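Shown next, in structure tokens, is the structure this report addresses.
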Amino acid sequence: MARIERQHQFIQAKLFISLILGIALFLSSTAILHQSDSAIAAYKRPRNQKPPSTYTDSSGVRGICEGISERSLTLLAPVTHVGLTTLSHPTFTWVASEQQTIPTEFTLYQFDKNRVPKLVEKVMIESSPGIKQLKLPQNFPGLKIGKRYMWQLQTKCSPNRPSKNLILRAEIERVKIPSNLANALSAINNLSKTTDTKLPIEVNDGNLRIKLYAESGLWYDALSEALATSPNGKLGLAVANLLADLAEIEQVPQSSNLNQLSMDFKPQ
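Residues in the sequence shown are numbered from 245 upward in steps of one, following my numbering.
Shown next as structure tokens:
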């Protein structure tokens, strides 16, 4: 029994060392500065990226339907640059602020080689107040690595006068996960499987995963992890921090919405 216990302790020690080394290698390779535990995530804009298409420039209010304001819907996504994901079936998130249900159309496009958007999927949803999420169904083929897509929300408050509808767009691209990030995440996952190992709180609640994704410029992955740690119906501290980071980077009209959301939903 004593021998088995020593072997078990040795395995746990190796896993912990792997975690530390994996994260250390990742952090050193991306030149991330040490931050306090209160800085749960720090989203970094992807480097060396081609700008988004001009289609996202036309996002916004073309007209205002009765009872609908410019803050009715806010995409929790980058607009001035292309948000990245490693996921084939990412989750798209937005916030509906009006105290009413708004008929909304979700549309996904894929850009062809001439950067012209081609329809992929279209879904009608009832966007009730609060945090809304739409995950691509598993029977959907999924996003392809290296391909860019655009997702769009359009209110259908005035079917006979479409010029009154609110349209919001953001672009997303699926990329291959960097090997150093994959190694760091693998180390965390391996250690998490040991039931009797007391993990640091930032690993237990997913904060370290959020930080790794955010520092790597993987917006949709970081946001999905952050939302998974948030209480039901709340954005939570991790999401609020990500939104504040994004608002600072974007510096567009939507930024004021993101900033306000980060303050509204941040736990006191």
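Think of the CB as a built atom: it goes at the ideal place given N, C-alpha and C, for glycine as much as any other residue.
Bear in mind the structure is a predicted one, so any value in this text is a computation, not a measurement.
- Taking the C-alpha atoms as reference points, what is the distance between proline 475 and threonine 318? For proline 475 and threonine 318, the distance between alpha carbons rounds to 20 Å.
- Task: Taking all protein chains shown into account, decide if glycine 390 is buried (16 or more other Cβ within 10 angstroms of its Cβ) or exposed.
- Result: exposed
- Task: Give me the Cβ distance between leucine 380 and glycine 386, rounded to the nearest whole Å; I'm assuming they're in contact under 8 Å.
- Result: 7 Å
- Message: So for alanine 321, helix, strand or coil by DSSP?
- Response: coil
- Query: Which of helix, strand or coil does DSSP assign to arginine 359?
  - Reply: coil
- Message: Using 8 Å for Cβ pairs, my map puts tyrosine 353 next to valine 367. What's the rounded Cβ distance?
- Response: In fact, because the Cβ distance is near 13 Å, the residues do not count as touching under 8 Å.
- Message: Suppose only complete runs of 3+ residues qualify. What are the beta strand (DSSP E) ranges in the segment 345–419, listed by chain order?
- Response: 346–355, 361–371, 374–379, 392–399 and 410–418
- Query: What residues in its chain sit with their C-beta under 7 Å from that of leucine 462, if we drop five residues either side in the sequence?
  - Reply: Leu328, Thr329 and Thr330
- Message: In whole angstroms, give me the CA-to-CA distance for alanine 458 and arginine 359.
- Response: 27 Å
- Query: If we call anything under 8 Å between Cβ atoms a contact, is threonine 337 one with leucine 486?
  - Reply: It is not a contact, given that the beta carbons lie outside the stated cut-off.
- Query: Between Lys400, Ile454 and Gln495, which lies nearest to glycine 480 when the distance is taken from Cα to Cα?
  - Reply: Just measuring C-alpha positions, the residue of Lys400, Ile454 and Gln495 sitting nearest glycine 480 is Ile454.
- Grouping DSSP H, G and I as helix and E and B as strand, with all else coil, what is threonine 330? coil
- Shortest alpha-carbon distance to cysteine 401 belongs to which of Glu494, Lys294, Gly450 and Ser371? Ser371
- What are the residues that DSSP puts in a beta bridge with alanine 340? Leu317 and Gly374
- Helix, strand or coil for threonine 473, going by three-state DSSP, please let me know. DSSP, reduced to helix, strand and coil, places threonine 473 outside both helices and strands of the structure shown, so it counts as coil.
- Message: When you compare the CB positions of threonine 399 and isoleucine 346, do they come within less than 8 Å of one another, or not?
- Response: A contact, by the Cβ cut-off of 8 Å.
- How long is the line joining the alpha carbons of isoleucine 493 and arginine 289, rounded to whole angstroms? 7 Å
- Query: glutamate 415: which of Val323, Asn427 and Ile369 sits nearest, CA to CA?
  - Reply: Val323
- Item | First and last residue of the uninterrupted alpha helix (DSSP H) at leucine 481 | Going by DSSP, leucine 481 is part of the alpha helix (DSSP H) stretching over 480–494.
- Do the CB positions of aspartate 489 and alanine 286 come within less than 8 Å of each other? yes
- Message: Let me check you understand the geometry: is the CB of glycine 450 closer than 7 Å to at least one non-hydrogen atom of the ligand SAM?
- Response: No copy of the ligand SAM appears in this structure; indeed no ligand is present at all.
- Cβ neighbour criterion (16 or more within 10 Å) applied to threonine 348: buried
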